[in-house]
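>
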Amino acid sequence: MYTPEWLTRFAKDIAGNIVMSPEHGSVIQEYRKNYGITQKELGQLMNLRRETISRIENGKVNSTVYFIQNFVGALAIAEATKAYCKGHEVEFPFLERIAKEFGISSNKLDQILGIALEKLEV
Numbered sequence: 758m759y760t761p762e763w764l765t766r767f768a769k770d771i772a773g774n775i776v777m778s779p780e781h782g783s784v785i786q787e788y789r790k791n792y793g794i795t796q797k798e799l800g801q802l803m804n805l806r807r808e809t810i811s812r813i814e815n816g817k818v819n820s821t822v823y824f825i826q827n828f829v830g831a832l833a834i835a836e837a838t839k840a841y842c843k844g845h846e847v848e849f850p851f852l853e854r855i856a857k858e859f860g861i862s863s864n865k866l867d868q869i870l871g872i873a874l875e876k877l878e879v
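Count the sequence shown with this note's numbering and you get residues 758 to 879, in order.
1) Got a sec? Which residues, its chain only, sit under 8 angstroms from Arg830 by beta carbon, not counting five neighbours each side?
2) As an exercise, report each continuous beta strand (DSSP E) stretch of at least 3 residues that is fully enclosed by the segment 816-855, in chain order.
3) Suppose you measure from the CA of Asn819 to the CA of Ser778; what does that come to, to the nearest Å?
4) By the DSSP assignment, the alpha helix (DSSP H) with Leu764 in it spans what residues?
5) Assuming contact is defined by CB atoms lying nearer than 9 angstroms, are Lys876 and Tyr792 in contact in what I supplied?
6) Can you list, in chain order, the residues of its chain with a C-beta nearer than 7 angstroms to that of Asn774? Leave out the 5 residues immediately preceding and following it.
7) Assign Lys843 to buried or exposed, taking buried as 16 or more other Cβ atoms, counted over all protein chains shown, within 10 Å of its Cβ.
8) Below 8 angstroms on the Cβ atoms is my guess for Leu852 versus Ala837; work out the distance and round it to an integer in Å.
9) Around the C-beta of Lys817, are 16 or more other C-beta atoms found within 10 angstroms, so that it is buried, or is it exposed?
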């Protein structure tokens with residue numbers, strides 16, 4: 758397993774916060790905004806329309822386990838990228854292996870890295 762323990766805890770905490778909240782959508786929206794990801798960008802990562810992301814965030818459509826898993830994986834990769842850029846806590850070459858552990862394809866990894874690096878405040 759290539760995923761550092763702190764990153765696994767990070768992902769579990771986010772997933773737990775989403776699942777345990779009576780308002781999944783608002784929690785998803787809060788995390789999305791905290792990471793500077795637009796609805797359009799999230800839609801592209803999830804292969805969904807921006808309008809569908811809006812419906813999920815507004816509680817009009819329930820998020821699926823698959824959606825939550827991919828959303829959490831994307832945030833974990835973004836967090837690992839931030840950690841790498843700030844303090845080299847994660848070796849950059851391992852990001853692809855970590856992404857696989859979260860079920861994220863290399864194509865989606867490239868998108869996540871692009872978004873994370875664009876939004877990064879070093």
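C-beta atoms are modelled at their ideal positions from N, C-alpha and C, and glycine is treated no differently. Quantities reported herein were computed from a predicted structural model and do not represent experimental measurements.
Let's see:
1) Numbered from its first residue, the sequence shown carries residue 830 at position 73. Per the sequence shown, the amino acid found at residue 830 is Gly instead of Arg. Contacts found: Ala768, Ala856, Phe859, Gly860, Ile861.
2) none
3) Here residue 819 is taken as the residue at index 62 of the sequence shown, counted from 1. Here residue 778 is taken as the residue at index 21 of the sequence shown, counted from 1. Approximately 12 angstroms between the Cα atoms of the pair.
4) Position 7 of the sequence shown holds residue 764. Note, Leu764: alpha helix (DSSP H), 762-777.
5) The count along the sequence shown starts at 1 and reaches residue 876 at position 119. The count along the sequence shown starts at 1 and reaches residue 792 at position 35. Contact flag set, yes.
6) In the sequence shown, the residue the question calls residue 774 occupies position 17. Only Val784 meet the Cβ criterion.
7) Taking the sequence shown and counting its residues from 1, the one referred to as residue 843 is at position 86. Classification for Lys843: exposed.
8) Position 95 of the sequence shown, counted from the first residue, corresponds to residue 852. Position 80 of the sequence shown, counted from the first residue, corresponds to residue 837. Yes, they are in contact, since the Cβ atoms of Leu852 and Ala837 sit about 6 angstroms apart, within 8 angstroms.
9) Numbered from its first residue, the sequence shown carries residue 817 at position 60. Exposed.
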